[in-house]
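Following: one structure in C-alpha cells, then a few remarks.
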Amino acid sequence: MSALLSVENLQAWYGESHVLHGVNLHVNQGEMICILGRNGMGKTTTLRSIMGILRKRSGKISFAGQDMMALPLHKTARAGLGFIPEERGIFASLSVEENLMLPPKVAEGGMSVEEIYTLFPNLKERRNSPGTKLSGGEQQMLALARILRTGARCLLLDEPTEGLAPVIIQAIGDVLVQLKARGMTVVLVEQNFRFAAKVADRFYLMDHGKMVAEFPVAELPNRMDLLHRELGV
Amino acid sequence: MTMIFGVPLQALMGQLLVGLINGSFYALLSLGLAIIFGLLRVINFAHGAQYMLGAFAALLLLTVGGVNYWFALILAPLIVGLFAAVIERTMLSRLYKLDPLYGLLFTFGLALAIEGTFRYFYGASGKPYAPPPQLTGAVNLGFMFLPVYRGWVVIASLAVCIASWVLIEKTKLGAYLRAATENPVLVQAFGVNVPLLLTLTYALGAGLAAFAGVLAAPVYQVSPLMGSNLIIIVFAVVVVGGMGSILGAIVTGYLLGVVEGLTKVFYPEASNIVIFVIMAIVLILRPAGLFGKEA
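Residue numbers (the UniProt record's numbering), protein chains in the order written: chain A, 1 to 233; chain B, 1 to 295.
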C-alpha cells in the first residue's frame with residue numbers, strides 16, 4: 001500500500017541554521033501518526049516544512065501522488081493538507097464564525113457548519129465574539145474545526161494539548177477519535193505521549209532533526225525506557 | 001445677522017463646508033493608505049501621485065477621448081488601479097522581504113518620477129476641469145448657499161468610504177484581508193492566494209486615491225503637484241487615526257477636515273498647522289493613534 005503522505009530525506013534551514021537533517025516518514029490513508037520528541041528537536045519544523053511554510057528545504061515530499069516541493073504555499077492546502085499551528089492562529093480581528101469560515105474549501109467531504117457546531121457547541125454559542133476572546137481550549141477547538149470544514153484529507157496538528165486543562169485535553173482526544181472513525185489521516189506532534197497513545201497508530205521519535213525510532217502503538221509499553229530517556233519524563 | 005461666538009453664521013457654515021470637503025479628500029486618501037499599510041506594511045508615498053493621476057486621467061479622458069465626468073469617475077480609478085497593480089507585481093512585491101524602509105523609498109521615488117513626468121509634459125500650472133452640468137449651480141439652504149458640486153463631493157466620498165468599510169468588515173474578501181493583515185503566512189497556508197490579495201489591495205488603495213482625484217478635479221485645478229501638497233496632511237491624518245485602522249482613517253479624515261475649517265474661522269493663523277499640532281499631541285498621549293490598538 002502506498003502512503004498518502006511520504007517524506008524522504010527532508011532537510012530544512014532557518015537562515016543559516018540547519019535544523020532538519022534528513023527526516024523520513026510516511027503516513028497511510030486513514031492512519032494517525034504521532035511525532036514525539038523534546039522541545040527544539042524539529043517536530044514543529046517538520047510540519048512547517050511539509051506544509052511549505054518553511055521554504056528553505058530540500059528532499060522529497062509527496063502527497064496523494066503529487067510532488068509538493070514545487071507548489072507555492074497557497075496550493076499546498078488546495079492539495080488537501082490542513083495545518084493547525086501550535087499557537088492556533090486565531091485571528092483577533094475576526095469573529096469566531098468568520099474564523100471558522102475563513103479557510104477556503106479545498107474538497108468535498110468536509111464537515112458542514114451544523115456538524116461542527118454539534119461537535120463544538122461552545123463555538124456556536126460564541127460565534128459572534130472576537131476569535132481571541134475564547135479560552136485557550138475553545139481556541140484550540142476553533143483551530144481544529146476551521147480545518148475540518150475545508151475537506152482537507154490530512155491534518156498536520158501541532159501540540160493540540162499544550163497548556164490546556166485535563167478536561168479539555170480529554171475533549172480534544174474525543175474529537176480526534178471521532179475524526180479517526182471518519183477516516184481522517186493525521187500527523188500529530190505531541191510531547192504528551194500518554195494522550196497520543198489513545199489516538200495514534202504509530203509513533204516516530206525525533207532527536208536533533210531526524211527520526212531516531214519508529215514503532216506501532218502496541219510496542220509503546222516496551223519502549224518506555226527509551227521514551228523516558230529521550231523525553232525526560 | 002446671526003452670530004455664533006462672535007462669528008457670523010454664514011462664515012462659520014462656509015468654513016465648515018470647506019472643512020468637510022477637505023475632510024472628504026483626507027478620508028478617502030487616508031483610508032487607502034491605511035488599507036495598504038495594514039496589509040502590505042508599505043508606507044505608500046506614491047499615494048499623492050496616484051490621486052493626481054486620477055485627476056489627470058479624468059482630464060485626459062475628457063479632452064482626448066471625450067469621456068464625460070460620470071464615466072471618468074469609474075474609469076479613472078480602474079486605470080490607476082491597473083497601473084498600481086502592474087507596479088506592485090513587477091516592482092513593489094520584490095521589496096516585501098526587505099526592511100519596510102525600502103518600500104517607503106521606492107514609493108517616494110515613484111511619486112517623484114510620476115510627478116516629474118507630468119510636470120515635463122503639462123507644466124506646473126493647474127488646468128481647469130468643469131464640473132458636470134448636472135452638478136453646477138448652488139442651492140439656498142436659508143443660512144448659506146451650498147454649491148451643488150461641493151455637496152456632491154461630501155456625499156460621494158462618504159458613500160465610497162462606507163462601501164469600503166462594509167467591504168472590509170462585512171465580506172469574505174474583507175475577512176481574508178483582515179486575517180492576512182494579522183498573519184499572512186497562515187492565511188496563505190489555508191489556501192488563499194495572498195500574493196494576489198496584496199496586488200488587489202494595492203490596486204484598491206490606489207483606485208480610492210484616483211477616485212478622490214476625479215472628485216477633486218472640478219474643486220481644485222488639475223496639476224502635477226496637487227497630490228504632493230495633500231499627502232503630507234494625509235499622513236498626519238493616518239497617524240492621528242492609528243496606522244492600519246480603517247474606521248480610524250475615515251473618521252479622523254472628516255474630523256480633522258472640520259477642525260481645520262473651524263480653525264480658519266476662529267484663529268486663521270493656525271489653520272495650516274492645526275492638524276500637525278493635533279498629531280503631536282496624539283503621539284504624546286496615545287502613540288498608537290485615536291483608533292489604533294496598542295501594539
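For each residue, glycine too, the CB sits at the ideal point set by N, CA and C.
All values reported here derive from a predicted model rather than from experimental measurement.
Per DSSP, the unbroken beta strand (DSSP E) holding TYR204 (chain A) starts and ends at 202-207. Within 9 Å of the CB of ALA58 (chain B), no CB atom of chain A is found; the nearest one sits about 35 Å away.
For PRO132 (chain B), no alpha helix (DSSP H) segment is defined, and its DSSP state is neither H nor E. Apart from the 5 residues on each side of it in sequence, GLY89 (chain A) sits with its Cβ closer than 8 Å to the Cβ of ALA143 in its chain, given in chain order. Residue-level contact check: ILE53 (chain A) touches chain B, since one or more beta carbons of chain B fall below 8 Å from its beta carbon. Taking a Cβ-Cβ threshold of 8 Å, none of the residues of chain A is close to VAL251 (chain B); the smallest such distance is about 17 Å.
Here the C-alpha atom of TYR202 (chain B) lies approximately 26 Å from the C-alpha atom of ILE275 (chain B).
Counting only unbroken stretches of 4 or more residues, the alpha helix (DSSP H) elements lying wholly within the stretch 68-105 of chain A are 73-78 and 96-101, in sequence order. Beta-bridge analysis with DSSP links TYR26 (chain B) to no other residue. The DSSP-derived three-state label of ARG57 (chain A) is strand. Between the alpha carbons of SER62 (chain A) and SER49 (chain A) lies a distance of about 12 Å.
Between LYS43 (chain A) and ARG202 (chain A), the alpha-carbon positions lie close to 15 Å from each other. Bounds of any alpha helix (DSSP H) do not take in ILE33 (chain A); it lies within the beta strand (DSSP E) bounded by 32-36. For the pair of segments examined, the stretch 65-78 of chain A was found not to touch the stretch 6-14 of chain B: the number of CB pairs separated by less than 8 Å stays below three. Interface annotation, SER93 (chain A): in contact with chain B, CB-CB separation under 8 Å. In the structure shown, VAL192 (chain B) falls within a coil segment according to DSSP collapsed to helix, strand and coil.
Every beta strand (DSSP E) of 3 residues or more that sits fully in the stretch 134-204 of chain A is shown, in chain order, as 154-158 and 185-189.
Only residues of its own chain outside the window of five on either side were considered, and among them ILE90, PHE91, ALA92 and GLN139 have a CB closer than 8 Å to the CB of THR132 (chain A), listed in chain order.
The residues VAL106, in chain order, have a CB closer than 7 Å to that of ARG78 (chain A) in the same chain once the five nearest residues on each side in sequence are set aside.
Fewer than three pairs of CB atoms, one per stretch, sit closer than 8 Å, so the stretch 280-289 of chain B makes no contact with the stretch 55-67 of chain B.
Collapsing the DSSP output to three states places LYS127 (chain B) in a strand.
Contact check for GLY227 (chain B) and TYR96 (chain B): beta-carbon distance about 24 Å, past the 8 Å limit, so the pair fails to qualify. Distances from the alpha-carbon of MET144 (chain B) to those of B:ILE21, B:LEU167 and B:MET13 put B:MET13 closest. Residues of the stretch 76-92 of chain A with a C-beta less than 8 Å from any C-beta of chain B: THR76, ALA77, ARG78, PHE83, PRO85, GLY89, PHE91 and ALA92, listed in chain order. The C-beta of GLU98 (chain A) comes closer than 8 Å to at least one C-beta of chain B. Minimum Cα-Cα distance from ARG41 (chain B) among the listed residues B:ARG286, B:GLY244 and B:LEU290 corresponds to B:GLY244. DSSP places GLU8 (chain A) within a strand segment (E or B) once states are collapsed to three. The continuous alpha helix (DSSP H) containing PRO77 (chain B) extends over residues 69-90.
Note that the stretch 212-223 of chain A does not touch the stretch 178-187 of chain B; fewer than 3 beta-carbon pairs, one per stretch, sit closer than 8 Å.
Boundaries cannot be given for SER223 (chain B), as no alpha helix (DSSP H) includes it and DSSP labels it neither H nor E. Between the stretch 118-127 of chain A and the stretch 152-165 of chain A there are fewer than three C-beta pairs closer than 8 Å, too few to call the two in contact. Between VAL187 (chain A) and LEU179 (chain A), the gap from beta carbon to beta carbon reaches 8 Å or more. Shown here, ASN24 (chain A) sits in a strand according to DSSP, grouped into three states. Inter-residue distance for ILE231 (chain B) and GLY142 (chain B) is about 35 Å (C-alpha atoms, whole angstroms). One thing to note: PRO224 (chain B) has its Cβ within 8 Å of the Cβ of ARG119 (chain B).
Put simply, the backbone Cα of PRO160 (chain A) is about 21 Å away from that of MET211 (chain A).
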